[in-house]
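Participant: First the structure, which I've put down as structure tokens, then a few questions once you've had a look.
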Amino acid sequence: MGEGRVGWWRRNRWGLLALPVVLVVVGASGWGRVATFWLPYEMVDSVDTEVGRMTDFTDDYVDAGGTRERSLRMAVRNVVADPQPVDVAGVPLEVLGELPGGTRLWQLEIDVEADPEMVLGGCHVALVDAAGRVTERDATLLPWDAGWDACQPHDTVNPMAQLFVDEPERDPSTRPPAYSKVVQLLAAADFEPVAVRVWWEPPTFLTAQLLPAGGR
Amino acid sequence: MNRSWGRLGKAAFVLVALVVGKELATSLPDQSASLRPFEVDGEAGEAVELRTGTVEVLDVALATTVFTPTEGYRTPGLWVVVGARLTPADEKKTFTYTAVRSAEGDRVWEGRTRTALGCPATPPGVPVTCDLTFEVPPEALAGADLLVSTETDQRHDSLAVIDLGLTAEQVEEALAAEETIETRATVVGGGDG
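In order, the protein sequence lines correspond to chains A and B. Per this note's numbering, residue 1 is the first one in the first sequence, and the count goes up by one each step. Per this note's numbering, residue 217 is the first one in the second sequence, and the count goes up by one each step.
Now the structure itself:
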């Protein structure tokens, strides 16, 4: 009997040696699905910085002209609660509707340095709290006109992503190579941000940590 | 003799394996069951916790005609108008999927079939209160549940199943009364308690 068992191990030695290799290959092929179907659509690539620091930010996007790189430098600063509401041009408003009950207005400024032809439309700006809750800017929740675009001037000609393969020439961008934008957003009254998040599309996003109280 | 017993044993083993395999294949849940949402039961007036937020049914009304801010809609069945509040948990959410399901659980009527639903997504901790409207045949309404999810894809996710507390008498009364309901404006924040 004992001899039979030894025989079995000897007879199947190549299969037994291959087994761990096969298991690794199976695991790797599963990882391929994660990398292809999940990772590109999740917020997994954080560019970490802190409020007030100019930071390089690069990500990719796809339009009708193919995959393009979006590359810029930006800084988030002056994160404050309960500011005076401002309109799309950053002009303080005197007369305005009431904020929804149980909410609080927050304000921050974004400094951007980018090639005027770099497409920056459609950015998202959010506050993140210690529990990981994400309060995103949504202009439709503000009772005044805060403008759709959070990261570009409202009164310049801004470049747009290419929607069609053969597109007529657009007006050249008049966006300055460096500018600042005031962003206001509505959060729950008890929301205590610890960081600001700026992104265009997953997986890459900028995380600017707020400095300890008093140093915002 | 020994050898024939051995063959018989092998044949029996194969047969048993086939029978066990067939039983497993038919009795184990298929994909429609294994992918189904996790239902979280609740009742009107009670907070129901989803993965992505908290849902509460505030009131339920039945009528044959419903007026939204832009249009009026009559139905040969009944309109179910559910005042509901959603408080997102970790990121902005709204009532993305809403439906009424018959008491037997076999028929489902989704919202937004004829009336548009203007219910914005709100940030974490900021409730949004909306009137959800459903056009449902009266015979299916007694004991029906409201289904709510904040996701378009509810597979493997939580789904609120809230008993609307509707009785056959209420349905008959609503049919006889032929009443009209005006939907209320959406409220963002803790405005209407």
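We put the beta carbon where it would ideally sit given N, CA and C, even for glycine.
1. Runs of 3 residues minimum, wholly inside the stretch 126-163 of chain A: which ones carry the beta strand (DSSP E) assignment?
2. Considering residue 293 (chain B), what are the terminal residues of the beta strand (DSSP E) in which it resides?
3. Quick one: what's residue 181 (chain A) bridged to in DSSP?
4. Check each candidate in A:8, A:182 and A:14 and name the one with the smallest Cα separation from residue 78 (chain A).
5. Classify residue 336 (chain B) as helix, strand or coil using the three-state DSSP reduction.
6. Of all Cβ atoms in chain B, is any one closer than 9 Å to the Cβ of residue 145 (chain A)?
7. Residue 226 (chain B) CB to nearest chain A CB: under 9 Å?
8. List the whole-angstrom C-beta distance separating residue 150 (chain A) from residue 133 (chain A), where the pair is believed to meet the contact cut-off of C-beta under 8 Å.
9. For residue 47 (chain A) and residue 100 (chain A), I'd like the C-alpha separation in whole angstroms.
10. Would a check of beta-carbon distances place residue 134 (chain A) closer than 9 Å to chain B?
11. Is there a C-beta anywhere in chain A that falls below 9 Å from the one on residue 369 (chain B)?
12. Determine whether the Cβ of residue 138 (chain A) lies closer than 9 Å to any Cβ atom of chain B.
13. Spatial neighbours of residue 119 (chain A) within its chain, please: CB distance less than 6 Å, with the 5 preceding and 5 following residues excluded, ordered by chain position.
14. If I measure Cβ to Cβ from residue 251 (chain B) and keep anything under 8 Å in the same chain, skipping five residues before and after, which residues do I get?
15. Please compile the residues from chain A whose C-beta is within a distance smaller than 7 Å of the C-beta of residue 326 (chain B).
16. Which of the three DSSP states, helix, strand or coil, is assigned to residue 266 (chain B)?
17. Sorted by chain position, which residues of the same chain lie with C-beta nearer than 6 Å to residue 192 (chain A)'s C-beta, five sequence neighbours on each side aside?
18. Are the C-beta atoms of residue 206 (chain A) and some chain B residue less than 9 Å apart?
19. Under a CB-based cut-off of 9 Å, is residue 406 (chain B) close to chain A?
20. On the DSSP bridge assignment, give the partners of residue 346 (chain B) in chain order.
Facilitator: Answer, in terms of the structure:
1. 134-136
2. 288-304
3. A:110
4. A:182
5. coil
6. no
7. no
8. Not a contact, Cβ separation roughly 19 Å.
9. 33 Å
10. yes
11. no
12. yes
13. 159 and 161
14. 371 and 372
15. Within chain A, no residue comes near residue 326 (chain B); the closest Cβ sits about 24 Å away, beyond 7 Å.
16. coil
17. 129
18. no
19. yes
20. B:300
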